[in-house]
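Please read the structure below before turning to the comments.
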Amino acid sequence: MFFKNWWPFRRKLKNQAKKDDSFDVNQRIYTPVSQLTIGMYVIELDRPWLESPFVFQGFELETEADILAVKDVCQYVYIDATRKRKRPAQTKTAQDSLLSESNIDFGAPPPPKLSVFEKEFARAESVHREVGLLVSNFMERVANGEGIDTKAAKEAVAQCVNSILHSPDAFLWLNQLKNKDKYTAQHSLNVCALAIVLGRYLNFSVANLNNVGLCGMMHDMGKMLVPLDILNKPDKLDPDELVIMRSHAALGYELLKSSDNMYPGAIDTAYSHHETLDGKGYPRQIGERGISLFTRMVTIVDMYDAITSDRAYQKGRTHLEATNILANMAGSQLDERLVIKFIECLGVYPPGSIVMMTNGYIAIVVEVNELQKLRPKVIMLLDAEKRRIPETIVNLADMLLDEQGKVLTIKGIVKAQDYQIDIKKYYQQGVLQRGFANEKR
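Under our numbering, the first residue of the sequence shown carries the number 7, and numbering increases by one thereafter.
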């Protein structure tokens, strides 16, 4: 295979397999899937494990869902009823994670924010910077043939979770400070944060927020094993290059599987985040039944961040354009209920959006008002003549009047480049600090 030499960790995997002494004596029993029952231990499939949705090579059938998952991909398997694990079983498959979606109350309101943007921003800023550096370090190590520090990754995700629980707006605002020259690392951090934001909106426990955040952070690690000239090519990839690029899913799977104490769901998500419900994704075309809840979430937020980011070969689109694309894919390729909830949780005007006001002024959204999402807090940047003005935060929920005596509101989202607005530059110049200092109360 063209990518065999890019897997410096393959030798480690083979050595681990040779000395794996976690099971008792093997007794292989050929078993048609129609004869499977709960309690059987599957040790071999009728196809390579990499062509299945199962994270672990060997697992006990604990539920009817496990049996259905095997029936979906196999005609027969080999079982060993005599073997017992000497270590705690890790038998979760994509199907197990999928079952948890039935426990989500899609009609429940999101939890209250624990803090406000102004108070949380400094901490969010520190976490965002530190975790961004850590992700870059992970990717550099992987590109150099080293492994991932799983403990450090989990600790970094926990910091993101803590900040987002206090104020998702602060972290979402920082997500707008994108650098196309560091796209892959920035993208992994953004996907981590967006997955946590969506999980928070769905009332996930802290443990599940940590898990889905790790799935987001790790989903594209396989790209570090793709040649840079392909990864950063500014033009359309040719068919051979596309095959190599798409190999990042399998490469990420092998990499994470070789990482000590990696969360199984993150391994699954790295392998499956380009799969679609209609079975037309890659690399395995596994379809709806094989895609876990966390992978479905990461797929949605991954697409959103990619669409809204400037990349080597495309300009980023607006929030509205991106959500329209997701909405058109909902039901056929993407999970419809999760797409709806993701759009809901970001709102019409998410933090960092550049908007035109009804009086012609240009502003940037700072914080969403949960009870009046069409009336967020904004920082006024340009007047109606598009001249820069002293930055002032305005809370549109206060129903302030413009110069004509009309209630000031947002007319729509605009593109930053159309008004020569560089969000990162404004941020570096202290626009937020000045805005809060001049806030109209």
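Beta carbons: idealized from backbone N, C-alpha and C, even for Gly. A quick note: this is a predicted structure, and the numbers were derived from the prediction, not measured.
Are valine 374 and glycine 418 closer than 8 Å when you measure CB to CB?
-> Reading the sequence shown from its first residue, position 368 is the one you call residue 374. Reading the sequence shown from its first residue, position 412 is the one you call residue 418. Between valine 374 and glycine 418, the gap from beta carbon to beta carbon reaches 8 Å or more.
Taking Cβ positions, are serine 265 and methionine 223 nearer each other than 8 Å?
-> For the purposes of this step, residue 265 is identified with residue 259 of the sequence shown, where counting begins at 1. For the purposes of this step, residue 223 is identified with residue 217 of the sequence shown, where counting begins at 1. No; because the gap between Cβ atoms is not below 8 Å, this pair is not in contact.
May I ask you to report which of helix, strand or coil DSSP gives asparagine 209?
-> In the sequence shown, residue 209 corresponds to position 203, counting from 1. Correct three-state label for asparagine 209: coil.
Beta-carbon separation (whole angstroms), proline 357 vs aspartate 175, contact threshold 8 Å | Residue 357 sits at position 351 when you count from the first residue of the sequence shown. Residue 175 sits at position 169 when you count from the first residue of the sequence shown. So it is a contact: roughly 5 Å between Cβ atoms.
Report yes or no: do the segment 224–242 and the segment 251–264 share at least 3 C-beta pairs separated by less than 8 Å?
-> The segment 224–242 vs the segment 251–264: in contact.
Outcome for phenylalanine 112 when other beta-carbon atoms lying within 10 angstroms are tallied against a minimum of 16 | On the sequence shown, residue 112 is found 106 positions in, with the first residue counted as 1. Phenylalanine 112 should be labelled exposed.
With glutamate 397 as the anchor, note down where its beta strand (DSSP E) starts and where it stops.
-> Sequence index remark: in the sequence shown, residue 397 carries index 391 (1-based). Counting along the chain, the beta strand (DSSP E) containing glutamate 397 begins and ends at 394–401.
Buried or exposed: where does arginine 34 fall if 16 or more other Cβ atoms within 10 Å of its Cβ makes it buried?
-> Sequence index remark: in the sequence shown, residue 34 carries index 28 (1-based). Counting the other CB atoms within 10 Å of its CB gives arginine 34 a total below 16, which places it among the exposed residues.
Return helix, strand or coil for valine 5, following the three-state DSSP convention.
-> With the chain covering only 7 through 447, there is no way to say anything about residue 5.
Serine 132: which of Val148, Asn168 and Lys119 sits nearest, CA to CA?
-> Along the sequence shown, one-based indexing puts residue 132 at 126. Answer by Cα proximity: Asn168.
Is threonine 99 helix, strand or coil by DSSP?
-> Position 93 of the sequence shown, counted from the start, is the residue given in the question as residue 99. Residue placement at threonine 99 cannot be trusted, given a pLDDT of 44 that sits under 50; the coordinates are not used to answer.
In three-state terms, what does DSSP make of tyrosine 288?
-> Position 282 of the sequence shown, counted from the start, is the residue given in the question as residue 288. Reduced to three states, the DSSP call for tyrosine 288 is coil.
Please work out which residues of its chain come closer than 8 Å, Cβ to Cβ, to isoleucine 73, disregarding the five sequence neighbours upstream and downstream, and give them in chain order.
-> Within the sequence shown, numbered from 1, the residue matching residue 73 stands at position 67. Answer for isoleucine 73: Val39, Leu42, Thr43, Ile44 and Leu67, listed in chain order.
Assign leucine 257 to one of two classes, buried (16 or more other C-beta atoms within 10 Å of its C-beta) or exposed (fewer than that).
-> Here residue 257 is taken as the residue at index 251 of the sequence shown, counted from 1. Classification of leucine 257: buried, given that the 10 Å Cβ count is 16 or more.
Anyone know if the C-beta pair for glycine 205 and leucine 215 falls short of 8 Å?
-> Position 199 of the sequence shown, counted from the first residue, corresponds to residue 205. Position 209 of the sequence shown, counted from the first residue, corresponds to residue 215. Yes.
Quick one: what's leucine 178 bridged to in DSSP?
-> The residue given as residue 178 occupies position 172 in the sequence shown. Note: leucine 178 sits in no beta bridge, so no partner.
Residue burial classification, lysine 430 (beta-carbon count within 10 angstroms, cutoff 16) | Against the sequence shown, residue 430 aligns to sequence position 424. When all chains shown are included, lysine 430 counts as exposed.
Is the segment 311–323 close to the segment 234–241, with three or more CB pairs under 8 Å?
-> Contact holds: three or more Cβ-Cβ distances are below 8 Å.
How would you write the range of the alpha helix (DSSP H) that glutamate 152 sits in, first residue to last?
-> Here residue 152 refers to the residue found at position 146 when the sequence shown is read from its first residue. From DSSP, glutamate 152 is part of no alpha helix (DSSP H); its letter is neither H nor E.
Can you round the beta-carbon distance between valine 148 and valine 307 to whole angstroms, since I take them to be within the 8 Å contact cut?
-> Residue mapping note: residue 148 aligns to position 142 of the sequence shown, counting from 1. Residue mapping note: residue 307 aligns to position 301 of the sequence shown, counting from 1. Not quite, the Cβ-Cβ distance comes to about 22 Å (not below 8 Å), so this is no contact.
Helix, strand or coil: which one does DSSP assign to tryptophan 13?
-> As a first step, residue 13 is located in the sequence shown; it is residue number 7 there, counting from the start. With a pLDDT of only 40 at tryptophan 13, under 50, the local geometry of the prediction cannot be trusted, and the value read off the model is given with reservation. In the structure shown, tryptophan 13 sits in coil (DSSP, three-state: anything other than H, G, I, E or B).
Where does the unbroken alpha helix (DSSP H) through isoleucine 250 begin, and where does it stop?
-> Translated into the one-based positions of the sequence shown, residue 250 becomes position 244. Where isoleucine 250 is concerned, the enclosing alpha helix (DSSP H) starts and stops at 245–252.
Whole-angstrom distance between glutamate 50 and aspartate 428, CA atom to CA atom | Taking the sequence shown and counting its residues from 1, the one referred to as residue 428 is at position 422. Taking the sequence shown and counting its residues from 1, the one referred to as residue 50 is at position 44. Rounded to the nearest angstrom, the gap between the Cα atoms of aspartate 428 and glutamate 50 is 55 Å.
Would a C-beta distance cut-off of 8 Å place tyrosine 310 and alanine 333 closer than the cut-off?
-> To locate residue 310, count along the sequence shown from 1; it is residue 304. To locate residue 333, count along the sequence shown from 1; it is residue 327. Going by C-beta atoms, tyrosine 310 is not nearer than 8 Å to alanine 333.
Between arginine 343 and the rest of its own chain, which residues show a CB-CB distance below 6 Å, the 5 nearest in sequence each way excluded?
-> Walking along the sequence shown from the start, residue 343 turns up at place 337. Phe112, listed in sequence order.
Which parts of the segment 332–392 are runs of the beta strand (DSSP E), unbroken and 3 residues or longer, counting only runs that do not cross its ends?
-> Listed in chain order, they are 360–363, 368–373 and 383–388.
Name the one or two DSSP bridge partners that isoleucine 306 has.
-> By one-based count along the sequence shown, residue 306 stands at place 300. Bridge partners of isoleucine 306: none, in fact.
Does the beta-carbon of tryptophan 179 have 16 or more other beta-carbons within 10 angstroms, so that it is buried, or is it exposed?
-> On the sequence shown, position 173 is the one that residue 179 refers to. Residue burial is scored here from C-beta neighbours: tryptophan 179 has at least 16 other C-beta atoms within 10 angstroms and is therefore classed as buried.
Close Cβ partners of aspartate 389 (< 7 Å) along its chain, the five nearest in sequence each way excluded = For the purposes of this step, residue 389 is taken as the residue at position 383 of the sequence shown. Correct list, in chain order: Tyr367 and Ile395.
Going by C-alpha distance, which of Leu183, Pro115, Asp424 and Ala199 is nearest cysteine 488?
-> Examination of residue 488 is not possible in this model, given that the chain is present from 7 through 447 alone.
How would you label aspartate 341, buried or exposed, when you count the other beta carbons within 10 angstroms and need 16 or more for buried?
-> Counted from its first residue, the sequence shown places residue 341 at position 335. The residue in question, aspartate 341, is buried, as its Cβ has 16 or more Cβ neighbours within 10 Å.
Compare the Cα-Cα distances from glutamate 126 to each of Glu281, Ser253 and Leu171 and report the closest residue.
-> Numbered from 1 along the sequence shown, position 120 holds the residue referred to as residue 126. Nearest Cα to glutamate 126 within the set Glu281, Ser253 and Leu171: Leu171.
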